[in-house]
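Inspection log for the structure reproduced underneath, given as C-alpha cells.
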Amino acid sequence: MSTATHAGFSLLANLPALQVVVPMVAAPICTFLRFRNGPWAFALLVSAAVFWIAVTLLQQVLTHGVISYEMGGWAPPIGIEYRIDEINAFVLLIVSGISLVALPYALRSVEREVPQDKHHLFYAAWLLCLCGMLGITITGDAFNIFVFLEISSLSTYMLIASGRDPRALTAAFQYLVLGTLGATFILIGVGLLYIMTGTLNIIDLADRLGPVSDTTSVRAAAAFLIVGIALKFALFPAHFWLPNGYAYSPSAVAVFLSATATKVSVYVLLRFEFTVFGGIEAFDDLHFARLLLPFAIAAFLVGSIAAIFQTDLKRLLAWSSIAQIGYMALGIGLGTPDGLTAGIVHMFNHALTKGALFMAAGAMFLSIGSTRITNLAGVGKTMPFTTLAFVLAGFSLIGVPTTSGFISKWYLVLAALQHGNAGYFLAGLVLFSSILAVIYIWRIVEVAYFREPAGGAVVKEAPLSMLLPLWALTLGCYFFGLETHYSVDIARQAAESLLGIAR
Amino acid sequence: MQWLGQFNYYVFAILMMAGIYIAMSRGNLVKKVVGLNIFQASVFLLYISSGKIWGGTAPILTDGLDRDISNPLPHVLILTAIVVGIATTSIALALIVRIKEAYDTVEEDEIAEAETLYEQELVEIDAARMNDARVDGA
Chain Y
1 MSTATHAGFS
11 LLANLPALQV
21 VVPMVAAPIC
31 TFLRFRNGPW
41 AFALLVSAAV
51 FWIAVTLLQQ
61 VLTHGVISYE
71 MGGWAPPIGI
81 EYRIDEINAF
91 VLLIVSGISL
101 VALPYALRSV
111 EREVPQDKHH
121 LFYAAWLLCL
131 CGMLGITITG
141 DAFNIFVFLE
151 ISSLSTYMLI
161 ASGRDPRALT
171 AAFQYLVLGT
181 LGATFILIGV
191 GLLYIMTGTL
201 NIIDLADRLG
211 PVSDTTSVRA
221 AAAFLIVGIA
231 LKFALFPAHF
241 WLPNGYAYSP
251 SAVAVFLSAT
261 ATKVSVYVLL
271 RFEFTVFGGI
281 EAFDDLHFAR
291 LLLPFAIAAF
301 LVGSIAAIFQ
311 TDLKRLLAWS
321 SIAQIGYMAL
331 GIGLGTPDGL
341 TAGIVHMFNH
351 ALTKGALFMA
361 AGAMFLSIGS
371 TRITNLAGVG
381 KTMPFTTLAF
391 VLAGFSLIGV
401 PTTSGFISKW
411 YLVLAALQHG
421 NAGYFLAGLV
431 LFSSILAVIY
441 IWRIVEVAYF
451 REPAGGAVVK
461 EAPLSMLLPL
471 WALTLGCYFF
481 GLETHYSVDI
491 ARQAAESLLG
501 IAR
Chain P
1 MQWLGQFNYY
11 VFAILMMAGI
21 YIAMSRGNLV
31 KKVVGLNIFQ
41 ASVFLLYISS
51 GKIWGGTAPI
61 LTDGLDRDIS
71 NPLPHVLILT
81 AIVVGIATTS
91 IALALIVRIK
101 EAYDTVEEDE
111 IAEAETLYEQ
121 ELVEIDAARM
131 NDARVDGA
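Residue numbers (our numbering), protein chains in the order written: chain Y, 1 to 503; chain P, 1 to 138.
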C-alpha cells in the first residue's frame with residue numbers, strides 16, 4: 001500500500017499512521033481542556049476513533065493480508081515501516097478496545113481518586129500511554145519499539161502516581177527504576193543487532209541475521225532483549241514492581257494497565273523471539289523459547305500461592321496477574337503452533353477477565369473506600385450487581401467451562417499434552433494452579449456473601465457508568481467462552497504467521 | 001594490542017555494570033537515579049562508538065564519496081535515547097520530591113517503615129469505624 005503524497009490525502013490508506021498520530025496529537029490538546037469532564041469526554045472520543053481504526057485495520061488484514069505502510073514515503077528498510085499482520089492487528093484491537101471500555105468507567109473513579117485540578121494532565125497521560133502501546137504494536141522498526149516503549153512507560157509512571165495514596169509514589173518510583181533498566185536492556189539489544197546487521201527493520205533483521213547469527217554479539221543481543229522484555233512484562237522473578245503498582249494506582253489505571261500493558265510486552269517478546277530470532281538455526285540448538293518454561297512455571301505457582309495470602313483485593317488481583325502472565329509465557333515457551341495459539345488467546349481472554357475483576361474491585365473501592373478483604377464483608381448484599389459480576393469474571397479467571405478463561409486453559413493443556421511425559425507434568429501444574437485460583441476467588445466470595453455487612457456507613461451500589469463497562473467485559477468473558485470463532489481463529493492465524501515467517 | 005582498539009566497549013561494559021549496581025544497591029533514591037543515569041550514559045557510548053571509524057569524517061557529501069565517513073545513524077538514534085534519559089530523570093526527580101513531601105525522607109528503608117506505619121493506621125481507622133457501627137447498631 002503506497003502513501004498518498006501524490007494522490008491527495010486518502011484516509012483509508014493512512015490509517016496505520018493515524019492509529020498512532022491521533023492519540024499523540026490529542027494528548028497535548030487534552031491539557032488545554034480545563035473545564036469539568038472536558039478532558040474525559042475528549043479522551044473518550046479519541047479512544048472511539050482509535051478503536052474504529054483498529055477494527056478497520058484488522059478487517060483489512062484479514063481480507064487482504066499484511067499491510068506495509070511507509071512512514072513519510074521512505075521505502076523500508078531505510079525508512080520506518082509500519083507493518084500490520086494478524087498478530088499485531090489483534091493486539092491493536094485489544095489495547096484500543098480496553099481503553100474505550102475503561103474510559104466510561106474512569107469518569108467516576110478518577111473524580112474520586114485524582115485531584116480535580118489534575119484531570120486534564122491525567123487524561124493526557126492516558127492518551128500518551130495509549131499512543132505508546134499502539135506504537136509499540138504497530139511499528140516494524142526495532143528502534144521505534146524502544147521509543148514507543150518509553151513513551152508508554154513514562155506516562156504509566158505518571159498514571160500510577162496520580163492518585164491520592166502516598167504508597168503509589170514509591171510504587172511508581174520502583175517501577176521507574178526497573179522499567180528503565182528493562183527498556184535500556186532492550187536498547188542495548190537493538191544496538192548490538194544494528195552493529196551486527198546494519199539494519200533496524202524487523203523483517204530485514206530476520207533476513208540479515210543468518211550469516212552472523214553464530215556470534216557472541218548476537219547471542220548477547222538476544223539475552224539483553226529477552227531480559228529487558230521480561231522486566232517489562234513482569235515475568236517471575238522480575239515481577240516486584242507489579243503488585244504495588246496496580247494496587248495503589250487509581251482504580252481506572254489498574255483496569256487499563258492490567259488489561260493492556262503486559263499484553264503489549266508479551267507481543268514484543270513474540271515479535272523478537274519468533275519473527276527475528278525464529279528462523280536462525282544457531283538458536284535452534286539453544287532451545288531458545290524453552291528457556292522461558294521454568295520461569296513461566298515458577299510465575300504461575302508463586303503468583304497463585306502469593307495471591308491466596310493477600311489481605312487486599314487489588315493486591316490479590318495483581319498477584320493473580322503475575323500467575324496469568326506465567327500461563328502466557330508457558331504457551332510461548334512451548335513454541336508449537338498450539339502453544340502459541342493458547343498464549344495469544346490467553347492475552348485476549350485475560351485482558352477481558354482481569355479488566356472486569358479490577359473494575360469490580362474499583363467499584364467496591366469507590367463505595368466502601370477500601371479494598372481490604374475484611375472491609376468487604378457483606379458486599380454481596382449491599383452491592384449485588386458489582387459482586388455478581390466479580391464472581392462471574394472470577395469463574396473465567398479460574399477457567400470454569402463456558403467462560404473464556406476455560407478456552408485458553410483448554411488450549412494450553414492440549415498444547416502441553418503434545419510433549420509426552422513432561423507434558424502431563426506441565427498440564428498437572430496448570431490444573432493445580434487453577435485450583436489455587438479457586439481458593440483465592442472463594443476467599444472473596446465467602447467474605448462477600450456469607451458475612452454480615454458491618455452496618456453503620458451506608459454502602460451504595462456502584463453508579464451505572466461503572467456497572468455498564470463492568471458488565472460489558474464480564475459478558476464478554478462468556479461470549480468469547482461460547483463463541484470461540486473470533487478469538488481462537490484469529491489467534492491461530494497469528495500463531496501460524498509468526499511461525500510461518502520463522503520457518 | 002587489539003583490545004586497545006575496543007577500549008570504548010570495555011568502558012561501556014564497566015560503566016553499565018557500575019550503573020546497574022548503584023541503581024540496585026543504594027538505599028537513597030537520588031543515588032538510584034544517579035546510577036540509572038550512568039547506566040543509560042554507558043549505552044550512549046556503545047551506540048556512538050559503533051558509528052565511528054578512524055579517519056572518518058562527517059557524512060557531508062561535497063564531491064563524491066572519496067573519503068571514509070562515520071555512520072551518522074547511531075548518533076541520530078542516540079539523540080533520541082538521550083532525550084528519553086532526560087525525561088526519565090526528570091520524572092524520577094519529580095517523584096522523589098513528592099515522596100519527600102509525603103514521608104519526609106528519601107531513604108528506602110525509612111520509607112518502608114513509614115509505609116508500614118501508614119498501613120497500621122489504616123487498619124486502626126477501619127477497626128474504629130467497625131466499632132462505631134456496632135455501637136450505633138446496639
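Heads up, the beta-carbon is just placed ideally off N, CA and C, and yes, glycines get one too.
Closest to residue i by C-alpha separation, out of the options, would be which residue?
| i | options | result |
| --- | --- | --- |
| PHE90/Y | TYR105/Y, GLN310/Y, ILE444/Y and GLN60/Y | GLN60/Y |
| VAL147/Y | LEU61/P, ALA18/P, GLY35/P and VAL76/P | VAL76/P |
| TYR248/Y | VAL218/Y, LEU376/Y, LEU18/Y and LEU313/Y | LEU313/Y |
| MET16/P | TYR194/Y, LEU181/Y, ALA102/Y and ALA491/Y | LEU181/Y |
| ILE441/Y | TYR82/Y, THR311/Y and MET347/Y | THR311/Y |
| GLY135/Y | LEU18/Y, HIS485/Y and TRP241/Y | LEU18/Y |
| LEU482/Y | HIS346/Y, PHE236/Y and THR403/Y | THR403/Y |
| TRP40/Y | GLY278/Y, THR170/Y and ALA124/Y | ALA124/Y |
| GLY85/P | VAL33/P, LEU117/P, THR57/P and ALA102/P | VAL33/P |
| PRO237/Y | VAL413/Y, GLY303/Y and PHE173/Y | GLY303/Y |
| THR31/Y | ALA106/Y, LYS354/Y, TYR82/Y and ASP117/Y | ASP117/Y |
Given that residue i touches chain P, what residues does it touch there, using C-beta distances under 8 Å?
| i | result |
| --- | --- |
| ARG372/Y | LEU122, VAL123 and ASP126 |
| ASN375/Y | ASP126 |
| PHE365/Y | Near PHE365/Y there are no residues of chain P at all, since even the closest Cβ is about 13 Å away, more than 8 Å. |
For residue i, return the contacting residues in chain P, with the cut-off set at a CB-CB distance below 7 Å.
| i | result |
| --- | --- |
| ILE195/Y | SER50 |
| THR180/Y | LEU36 and THR88 |
| THR318/Y | Contrary to the premise, residue 318/Y reads as Ala rather than Thr in this sequence. Residues of chain P passing the Cβ test: none, with the nearest at roughly 16 Å. |
| ILE188/Y | VAL43 and LEU46 |
| VAL177/Y | ALA23, LYS32 and LEU36 |
| THR184/Y | PHE39, GLN40 and VAL43 |
| PHE143/Y | LEU77 |
| GLY309/Y | The sequence shown places Phe at residue 309/Y, rather than the Gly named in the question. None at all; the shortest Cβ gap to chain P is about 15 Å. |
Name the chain Y residues that come within less than 8 Å of residue i, Cβ to Cβ?
| i | result |
| --- | --- |
| ARG98/P | ALA161 and LEU169 |
Listing by chain order, which chain Y residues have their CB less than 7 Å from the CB of residue i?
| i | result |
| --- | --- |
| TYR152/P | Residue 152/P falls outside the range modelled here, since chain P spans only 1 to 138, and no answer is possible. |
| VAL11/P | What VAL11/P touches in chain Y: nothing, since even the nearest Cβ is about 14 Å away. |
| ALA18/P | Within chain Y, no residue comes near ALA18/P; the closest Cβ sits about 14 Å away, beyond 7 Å. |
| ILE111/P | THR170 |
For residue i, which residues in the same chain have their Cβ closer than 7 Å to its Cβ, ignoring the five residues on either side in sequence?
| i | result |
| --- | --- |
| ALA495/Y | PRO337, LEU340, THR341 and ILE344 |
| ILE305/Y | LEU436 |
| ARG208/Y | THR197 and THR199 |
| ARG271/Y | ILE202 |
| GLN493/Y | GLU86 |
| GLY399/Y | GLY405, PHE406, LYS409 and SER434 |
| TRP319/Y | PRO243, GLY303, ALA306, ALA307 and GLN310 |
| ASP68/P | ILE53, GLY55 and GLY56 |
| PRO211/Y | none |
Who are the near neighbours of residue i in its chain, counting only those whose CB is closer than 8 Å to its CB and skipping five residues on each side?
| i | result |
| --- | --- |
| GLY79/Y | GLU70, MET71, GLY72 and GLY73 |
| THR374/Y | THR311 and VAL447 |
| LEU205/Y | ALA142, LEU193, THR197, THR199 and VAL276 |
| THR260/Y | ILE94, VAL95, ILE98, SER99, MET133 and ALA351 |
| SER487/Y | VAL345, PHE348, ASN349, SER404, ILE407 and PHE480 |
| GLU124/P | none |
| VAL114/Y | PHE122, SER162, GLY163, ARG164 and PRO250 |
Can you pull the chain Y neighbours of residue i, defined as C-beta to C-beta under 9 Å?
| i | result |
| --- | --- |
| ILE14/P | By Cβ distance, chain Y contributes nothing, its closest Cβ being about 14 Å from ILE14/P, past 9 Å. |
| GLU115/P | PRO166, ARG167 and THR170 |
Skipping 5 residues on each side, what residues in its chain have a beta carbon closer than 6 Å to that of residue i?
| i | result |
| --- | --- |
| LEU79/P | none |
| LEU61/P | none |
| THR484/Y | ILE407 |
| SER152/Y | CYS129, GLY132 and MET133 |
| ILE188/Y | PHE224 |
| LEU29/P | ILE96 and VAL106 |
| GLN324/Y | HIS350 |
| ALA7/Y | Here ALA7/Y scores only 47 on pLDDT, less than 50, and its place in the model is too uncertain to base an answer on. |
I want to verify the contact list: residues of chain P whose CB lies under 9 Å from the CB of residue i, in sequence order.
| i | result |
| --- | --- |
| TRP406/Y | It should be pointed out that residue 406/Y corresponds to Phe in this sequence rather than to Trp. Going along chain P, no residue has its Cβ under 9 Å from PHE406/Y, so there is no contact; the nearest lies around 36 Å. |
Output needed in chain order: residues of the stretch 28 to 40 of chain P with a Cβ under 7 Å from some Cβ in chain Y. Contact annotation: in the stretch 28 to 40 of chain P, residues whose CB is within less than 7 Å of a CB in chain Y are LEU29, LYS32, LEU36, PHE39 and GLN40.
Chain Y contacts made by the stretch 77 to 102 of chain P, where a contact means CB separation under 8 Å: Answer in chain order: LEU77, THR80, ALA81, VAL84, ALA87, THR88, ILE91, ALA92, LEU95, ILE96, ARG98, ILE99 and ALA102.
Using a Cβ-Cβ cutoff of 7 Å, what residues of the stretch 221 to 241 of chain Y are near chain P? List them in chain order. The stretch 221 to 241 of chain Y vs chain P, Cβ under 7 Å: nothing.
Which parts of the stretch 439 to 501 of chain Y are runs of the beta strand (DSSP E), unbroken and 3 residues or longer, counting only runs that do not cross its ends? Runs of the beta strand (DSSP E) lying entirely within the stretch 439 to 501 of chain Y, each at least 3 residues long, are absent.
Which full runs of the beta strand (DSSP E) of 3+ residues lie inside the stretch 58 to 145 of chain Y, going along the chain? The stretch 58 to 145 of chain Y is shown to contain whole beta strand (DSSP E) runs of 3 or more residues at 67 to 70 and 81 to 84, in chain order.
By the 9 Å beta-carbon criterion, what residues does the stretch 145 to 159 of chain Y contribute toward chain P? Correct list: PHE146, VAL147, GLU150, ILE151, SER153, LEU154, TYR157 and MET158.
Scan the stretch 361 to 442 of chain Y and note each continuous alpha helix (DSSP H) run of 4 residues or more that stays entirely inside, going in chain order. The qualifying runs are 379 to 382, 384 to 398 and 404 to 417.
Report the residue ranges of all alpha helix (DSSP H) runs contained in full by the stretch 230 to 283 of chain Y; include only those spanning at least 4 residues, in chain order. Listed in chain order, the complete alpha helix (DSSP H) runs (minimum 4 residues) inside the stretch 230 to 283 of chain Y are 241 to 248 and 251 to 270.
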